[in-house]
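Shown next, in structure tokens, is the structure this report addresses.
Given below as structure tokens:
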């Protein structure tokens, strides 16, 4: 039992014959209340705890730290000015009276008064007053609303006990701290009184007192107070981090736990996390974790030894043996309870610190992964949850991902994924998803049968009544309007209005809603508000777990062997099912109302699930067998058309990425064109900006590249050439968008009619401008490919020659030829091949051939004539042939 918890309240007793002390006690209390009344703040009323947190974030964002609790800074200055003015006026009057008596009366001048006022206003304040004003600016205004202050009974009661706390002895101090600790700090009266009495400063001073019971009692109050973001900022501002770190390394286990809990609460602030890293405080915390991990290891080794001895020398029946083993287990749990509580506190601190790059660097230097390798097999669930969360935050760096494999943590992660509770599975899943970016870890997951566990968890979340999919459906029915999926998809595919689709199938929708409502009522039954809240919280956990599972499937699919195993287990059909069912929850016709707590990384959980599914299919569909399987599915490419029509900014880029892989199959591409997918992409490209537009352009380019009838695809799209050319008309367009537009132009130029239209729209001028200003390798490759595709039509070659593109292309060809075989061998080869084709396209004119010959690249072109690529070989041979023809013509002219 804690030292502080041994104290308790005793009601004062009196003899039966004596009168009740109530009347005298009331007079004392009233006198104390009258003394405390002037101390009460005159500012507005305090907010609740949620209002405090919201308002302090708003004030910090605006940089507004003006004080309004007892008085604003301006009000404090006015009061100080008023006091000094009164004092100055009294002195002035006394001096005037004296002068009047001496016959030396002087006339009052307004200028003299102004000078006195100015001197008082410019007078320097003492350091103590200045610090008090800073403190008011920083902290006190956050607690209050606008309006008149109200003095309540709870407020005055807190001040009464605080006065008793200041006047009493050690035992009374402990009792008062226990009482204050059990007060409700989320009420405005208690929080306002706590701040008005400067109780935070006093409690921080008590941390340095050499009295462990008092220190523990003070820290337990601060532990409760620091859960409010306002008081957490105030503790940091008053310099409370350093004494807390000192108490964290105190021999008393209660002091360690209390200080650790407060530091964990303060680590919500980024300032505290950075401060701990700069104070070099993380290494001692890891050392403390290692020390307690060794204690747990010794306790566990002693327990295993006792179990072996009990089994070896057992002569009792089975029931008695089981009772002995249960007693041993209970003894071990009781002996490690305090150590586990300290490990949990340290885990919370390390989990918060690992969110910053400075903290991860300090953890890397201390070798935290090796400590976790020992702790994870022995830790209980509450400790293991924070350890996994720390690993999840650290594994964003390659070092920690490799360390998970080398330190032997991967088998423990998979074991936790199979047998742990939901609170442990969540961070464990996301940690494995982070680590699966490494090839060796993906192979380790496959060899340790981790894929079976992943598939089993996915099926449970999809098919169980308490799983994530059912929870999302219930959320949809609660927050949105239920409707039939078939009508929803059909209306989107046909491009009809939602109102029209609703009018045609109203009876079916009502029937569907009644069935859904009946099923929900039968399965869930009548529930109280507490049960609904608990089920909703559990549903959020399952939805978040499904996000981690789909992310893990995406990362493990990067290996071909894993993708084939998942395909055998029909995992990708389940992912397509999620892509079909979930978009109806966040579409424009039925979008649920969500709050910040329902968000995950800026996306709804349902959107994040679909996002991961799209990327997983994009990776797996690169294997021909899986691509054929998706093409044989009844839905085909319809779910992707639905996503494009919904135009969800967070999902459209991912849908385009997966479409680029699916369009390699002829059947899927034909479906995509028939459903108007190309028209949707052009419309989306014209209205969006940034990455979404770039992905749409790349998908259009992939669709055109996989088709032999570019003219038929582009013929209905009248404004397509003008839209594409506009992206290269200005140099202010983003580089990625320019690259995607240039690749699309190269594919569109395969159709002569489209090339003629683009030539009339001055596409050659834009290409020449970009070629002269291109500096990156990718942009050079794209613009040279576009020039090679457009140079065969009309007078384009002549214009490119007049724009001085021949020397630039020759220079690009020479530099890329010299770079082949170096670090950028692949990109250099692509640039060299594109430059050869571009030179061949403009070599139809004798003037351009002359410039090519003057560039002195004939030897390189001769070497390129033996290239393995037939197109490059033909282009190089064609350039050399044109040069020879020009020489022959010149020789003939000279001979004649």
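Numbering (my numbering), first residue to last: 16 to 911.
The beta-carbon is built from N, C-alpha and C at its ideal position, and this holds for glycine as well.
Cβ neighbour criterion (16 or more within 10 Å) applied to residue i
i, result
"residue 360", "buried"
"residue 185", "exposed"
"residue 328", "exposed"
"residue 230", "buried"
"residue 810", "exposed"
"residue 313", "exposed"
"residue 223", "exposed"
"residue 845", "buried"
"residue 326", "exposed"
"residue 841", "exposed"
"residue 587", "buried"
"residue 324", "exposed"
"residue 733", "exposed"
"residue 401", "buried"
"residue 627", "buried"
Cβ distance (whole Å) where residue i is taken to contact residue j below 8 Å
i, j, result
"residue 775", "residue 729", "Not really, about 15 Å apart at Cβ, beyond 8 Å."
"residue 444", "residue 563", "3 Å"
"residue 560", "residue 476", "7 Å"
"residue 718", "residue 687", "7 Å"
"residue 282", "residue 367", "3 Å"
"residue 1", "residue 568", "Because the chain here runs from 16 to 911, residue 1 falls outside it and cannot be looked at."
"residue 429", "residue 463", "5 Å"
"residue 663", "residue 622", "7 Å"
Per-residue DSSP class, three states only, for residue i
i, result
"residue 848", "helix"
"residue 775", "helix"
"residue 619", "strand"
"residue 195", "helix"
"residue 545", "helix"
"residue 758", "helix"
"residue 841", "helix"
"residue 648", "coil"
"residue 585", "coil"
"residue 401", "helix"
"residue 703", "coil"
"residue 912", "Outside the shown range of the chain (16 to 911) lies residue 912, about which nothing can therefore be said."
"residue 282", "coil"
"residue 554", "helix"
"residue 749", "coil"
"residue 269", "helix"
"residue 732", "coil"
Separation of residue j from residue i, as counted between CA atoms
i, j, result
"residue 214", "residue 180", "10 Å"
"residue 287", "residue 259", "12 Å"
"residue 83", "residue 173", "Bear in mind that a pLDDT of 34 at residue 83, under 50, signals an unreliable position, so the number given afterwards is only what the model happens to contain. One C-alpha to the other measures close to 21 Å."
"residue 413", "residue 374", "15 Å"
"residue 780", "residue 858", "18 Å"
"residue 795", "residue 756", "13 Å"
"residue 654", "residue 762", "26 Å"
"residue 868", "residue 716", "34 Å"
"residue 217", "residue 178", "12 Å"
"residue 481", "residue 554", "8 Å"
"residue 783", "residue 815", "7 Å"
"residue 770", "residue 725", "11 Å"
"residue 652", "residue 678", "9 Å"
"residue 565", "residue 385", "29 Å"
"residue 864", "residue 788", "24 Å"
"residue 209", "residue 265", "28 Å"
"residue 306", "residue 597", "48 Å"
"residue 642", "residue 806", "36 Å"
"residue 203", "residue 256", "26 Å"
"residue 823", "residue 850", "10 Å"
"residue 176", "residue 169", "11 Å"
is_contact[residue i, chain C] using C-beta, thresh 8 Å
i, result
"residue 267", "Checking the listed chains, one finds no chain C in this structure; it contains a single protein chain."
Residue i: CB within 7 Å of a non-hydrogen atom of the ligand GTP
i, result
"residue 662", "Only the bare structure without any ligand can be found here, which leaves the ligand GTP out of the picture."
Tell me the start and end of each unbroken alpha helix (DSSP H) in the segment 284 to 372 that is at least 4 residues and wholly inside, in chain order.
Fully enclosed alpha helix (DSSP H) runs of 4 or longer: 285 to 293, 297 to 327, 333 to 350, 352 to 368.
Completely contained beta strand (DSSP E) runs for the segment 786 to 834, where each covers 3 or more residues:
Within the segment 786 to 834, not a single complete beta strand (DSSP E) segment reaches 3 residues in length.
For the segment 415 to 492, which segments carrying the alpha helix (DSSP H) assignment without a break, of at least 4 residues, lie completely within its bounds, in sequence order?
Scanning the segment 415 to 492 for uninterrupted alpha helix (DSSP H) segments of 4 residues or longer gives 425 to 434, 437 to 450, 454 to 462, 465 to 478, listed from N- to C-terminal end.
Going residue by residue through the segment 625 to 677, where are the continuous alpha helix (DSSP H) segments of at least 4 residues, counting only ones entirely within it?
Annotation note: the segment 625 to 677 contains the following uninterrupted alpha helix (DSSP H) runs of length 4 or greater, listed N- to C-terminal: 639 to 647, 653 to 661, 667 to 677.
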